[in-house]
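First to last, the protein sequences are chains A and B. One rule links them: number in our numbering = place in the first sequence (from 1) + 2. One rule links them: number in our numbering = place in the second sequence (from 1) + 2. Glycine included, each C-beta is placed from N, C-alpha and C at the ideal position. All values reported here derive from a predicted model rather than from experimental measurement.
Number of protein chains: 2
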Amino acid sequence: MTSAKKRKADLQYGVITLRNVIGYNHLCDIVEQENAPRQAEQKFEMSHFTAVIADDHAIVRSGLKVALENERLVDGHNIGVVAEAGNGLDAIAAVKQHRPDMLVLDVSMPVAGGVEVLVETRRWSPDTRVIVFTGISAMGKVSELVEAGVDGLFSKAEDNQDLYRNVPMILQGGRYISPFFTSILDNAPQQSVLTDRERQILNLIVAGQSNKEISAHLGISAKTVDRHRTNLMQKLDVHSVAQLIAYSLREGLIDPAAEI
Amino acid sequence: MTSAKKRKADLQYGVITLRNVIGYNHLCDIVEQENAPRQAEQKFEMSHFTAVIADDHAIVRSGLKVALENERLVDGHNIGVVAEAGNGLDAIAAVKQHRPDMLVLDVSMPVAGGVEVLVETRRWSPDTRVIVFTGISAMGKVSELVEAGVDGLFSKAEDNQDLYRNVPMILQGGRYISPFFTSILDNAPQQSVLTDRERQILNLIVAGQSNKEISAHLGISAKTVDRHRTNLMQKLDVHSVAQLIAYSLREGLIDPAAEI
DNA sequence: TTTGAAATGGGGGATTCACCTCATTCAGCC
DNA sequence: GGCTGAATGAGGTGAATCCCCCATTTCAAA
C-alpha cells in the first residue's frame, strides 16, 4: 500500500504532457503490468521473428528494415518487418494489430512520443521486446526510458553494429543499454534531485510565466513559488531564467517546438 | 559596389558561429563564386555519377546509399557513393578529395554544420550539386541554406519519393526546394526585421548573459544593451526572457545542445 | 519516536528587468 | 544638403528576480 502511494507520487509530475495524455492512474496500471514477469523465454527455439519499426523519418525506417532483414547483419536470425509507423499513434496501432516479437522505436515522434508508445506496448503486447533507437541524448528522456523498462537502448550517433550485434540477445529475453547512454546516466551529477513540485514549477517558468502567474495557476502564494525557484536554481547551479531554460533544453524537459 | 556592400551587411551577423569559423570576408568571396554560372551542363550525356553522403547518423547514410544506388528509385541514373561522412569536417575533406557530382548533406552535424559544408563545397568543388536532406524545419536555417544557393532541399519528415524523383533533374543543373520548405519560407511573418546588432545581442541573451555581462563582452554601455533588448522584444512581440528564448528556438537561432 | 525532507508561507533587501523619454553620432540615400 | 535608420548612451520608474532570514505542517524513514 505504501509502495503504491510512492509510485503514484513518482509519476505525478514526471512529465506534464505524459500525465495529460493518458492520465496518471492509467500510468500506474501500466507500471503494474510492466513489473510482472515476462514470458519471452518460450521463443528460444523459434527462428523467425516479426518486427515493427516506428520512426518519423522514412529514410531511417527503410535503412532499419534492410539491416534487420539481412541475416548477415543480425546473425542467424530471420527477422521480418511486418509494419512501419511514422508517428506514435500508428506505432501503438501496429503493435496492437501485429503483437510483434520486437518493436524498434524512436523517441521524438509526432502525435505520441516514444515513452508513451513504450508503456502502451507493455499494456497491449507485453511479450514484445522494445528497442529504442534514437538520436537524442537528453538525460531526462533517457532515465525515463530506462525506468519504463526499455529492453534495448541504442544511439543513432554511434556505430550501428552495436545494435545489430545485440538484437539476438534482446530477442531471447536479454536487456541491453548502449555504453553511450550508460555514460550519460553515470555522468548525471544530481539528475533527479528536483522534487515533484520543483519540476512542476520549472515547467511553468520555462513556459514564460511569472511568479505571480504561477502562484495563481497553482493556488499557492507567490512567495512559495519564489522559494521553490530559489531552491531550483541552487540545485541546478544556475543564476538566471535564461540559464534555467538553457538547462531545461539540454535535459529535454521542454519542447523547443512548443508555443509559448 | 553598393550591392557588394549590402551583401556584406547581410552576412555580417547572420549566424555568429559561422562568422567565427571562416570569417565573413571569406564568406563574401564564396558568395561571389556561388553566383557565377556553373558548368554542370557538360555532364548531360554521362550515365554514371559520383556522390558523397554526409549525415551524423549511420542508419541514414546506409539508407541513402541503398536508395541512391538503386536505379529503380533514381530512374535511369547510375549513382555511386564514393564516400560517407559523419561530421562536417569529414564531409568537406571528402568533397575536396573526390570532387563528386553530388553531395547529400544534413544540416545538424558535429564539428561543422551543413551551411558551412555547403559554402566550403562551393569553394573547393563548384560543380558539385549540393542536396540538403534534413529533419529541421527552423525558418532561420532554411533561409540561410536557400540564400547560400543550395541546389536541392528535402525534408526527412516528408515522403522520400520527392527526393528520389528530383535527383536526376538536379544532377542536370536544376534546382528544387521541397514544398515543405517553400511553405515555411512563405509563412515567415517578419523574418529579418532584426538588425545585425540586435541579432548579436539576442544570441548573448539566450546564452544566459545579463545586460552587464553583455555590455562588458561587447565593450558598450549596459544601458545600450538594455535599449537593444527593448527594441528586440517590441519587434518580436514578446515580454520576457523565457518567451524570447522560445522564439529563438523556433527560428533556429540558437543551438539547444550548446553549453551556457 | 525522533529525525529529516518537502511544501507551505512571511519579511526584507540588493539587483536586474522592462519600458519609458531624450539626445548624439554616423552611415547611406534621394 | 537634408533625411532616415541604426547604434550609442543617459535618467528614471515600477515590477520582478534572486537570495537571505524566519516559521509551520505533513509525512515517511530510521
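Cutting at 7 angstroms between CB atoms, please list the residues of its own chain near residue i, excluding the five before and the five after it.
i: Ile172/A; result: Arg131, Ile133, Asp153, Gly154 and Tyr178
i: Ile81/A; result: Phe51, Ala53, Leu70 and Glu71
i: His100/B; result: Thr52, Val54, Val84 and Ala85
i: Glu200/A; result: His230, Asn233 and Leu234
i: Pro102/A; result: Thr52, Ala53, Val54, Val84 and Thr130
i: Glu73/B; result: His79 and Asn80
i: Leu206/A; result: Ile216 and His219
i: Ser180/B; result: Leu155, Phe156, Ser157, Glu160 and Asp164
Sort the options by Cα distance to residue i and report the nearest one.
i: Val83/A; options: Phe51/A, Asn89/A, Val113/A and Asp57/A; result: Phe51/A
i: Ala150/A; options: Lys225/A, Arg63/A, Val119/A and Met235/A; result: Val119/A
i: Glu215/B; options: Ser242/A, Arg229/A, Gly115/A and Ser145/A; result: Ser242/A
i: Ile186/A; options: Ala96/A, Phe156/A and Pro102/A; result: Phe156/A
i: Gln104/A; options: Ile138/A, Gly175/A, Leu238/A and Lys143/A; result: The sequence as given places Met at residue 104/A; Gln does not occur at that position. Ranking the options by Cα distance to Met104/A, first place goes to Gly175/A.
i: Leu204/B; options: Asp129/B, Pro102/B and Glu253/B; result: Glu253/B
i: Leu75/A; options: Leu147/A, Glu146/A and Gln163/A; result: Gln163/A
i: Gly78/B; options: Ile94/B, Leu220/B, Tyr166/B and Leu147/B; result: Tyr166/B
i: Val240/B; options: Asp198/A, Met141/A and Gly210/A; result: Gly210/A
i: Arg124/A; options: Ala159/A, Gln202/A and Ile94/A; result: Ile94/A
How would you write the range of the alpha helix (DSSP H) that residue i sits in, first residue to last?
i: Leu66/A; result: Ala60 to Glu71
i: Ala150/B; result: Counting along the chain, Ala150/B falls outside any alpha helix (DSSP H), and DSSP gives it neither H nor E.
i: Met171/A; result: Gln163 to Leu173
i: Val132/B; result: Here Val132/B belongs to no alpha helix (DSSP H); instead the beta strand (DSSP E) covers Arg131 to Thr136.
i: Leu204/A; result: Asp198 to Val208
i: Gln211/B; result: From DSSP, Gln211/B is part of no alpha helix (DSSP H); its letter is neither H nor E.
i: Arg125/A; result: Gly116 to Trp126
i: Met235/B; result: Ala224 to Leu238
i: Arg341/B; result: Given that chain B is displayed from residue 3 to residue 262, the structure contains no residue 341/B and the question cannot be resolved.
i: Gly90/B; result: Gly90 to His100
i: Pro181/B; result: Pro181 to Asp188
Starting from residue i, follow the beta strand (DSSP E) in both directions and report where the run begins and ends.
i: Arg74/B; result: From DSSP, Arg74/B is part of no beta strand (DSSP E); its letter is neither H nor E.
i: Ala56/B; result: His50 to Ala56
i: Val106/A; result: Met104 to Leu107
Around the Cβ of residue i, are there at least 16 other Cβ atoms within 10 angstroms (buried) or fewer (exposed)?
i: Pro112/A; result: exposed
i: Val195/B; result: exposed
i: Gly116/A; result: buried
i: Gln202/B; result: buried
i: Asp198/A; result: exposed
i: Glu122/B; result: buried
i: Gln41/B; result: Confidence at Gln41/B is low in this model, with a pLDDT of 37, below 50, so its placement is unreliable and no value can be given for it.
Using 7 angstroms as the threshold, is the C-beta distance between residue i and residue j below it?
i: Val97/B; j: Ser127/B; result: yes
i: Ala56/A; j: Leu91/A; result: no
i: Thr136/A; j: Asp161/A; result: no
i: Gly88/A; j: Asp129/A; result: no
i: Gly65/A; j: Ile138/B; result: no
Please work out which residues of its chain come closer than 8 angstroms, Cβ to Cβ, to residue i, disregarding the five sequence neighbours upstream and downstream, and give them in chain order.
i: Ala244/A; result: none
i: Asn213/B; result: Ala224, Val227, Asp228 and Arg231
i: Leu147/A; result: Val109, Gly116, Val117, Leu120, Val134 and Leu155
i: Lys67/A; result: Ile55, Val83 and Glu86
i: Ala159/B; result: Gly137, Ser139 and Phe182
i: Ile222/A; result: none
Got a sec? Which residues, its chain only, sit under 6 angstroms from residue i by beta carbon, not counting five neighbours each side?
i: Val144/A; result: Phe183 and Ile186
i: Lys237/B; result: Val195
i: Ile24/A; result: Because the pLDDT of Ile24/A is 26, which lies under 50, any placement of that residue in the model is unreliable, and the question is left without a value.
i: Arg63/A; result: Ile55, Asp57 and Glu86
Is residue i near the ligand SAH, in the sense that its beta carbon is under 6 angstroms from a heavy atom of that ligand?
i: Leu251/A; result: Ligands are entirely absent from the displayed structure, and the ligand SAH is therefore not among its contents.
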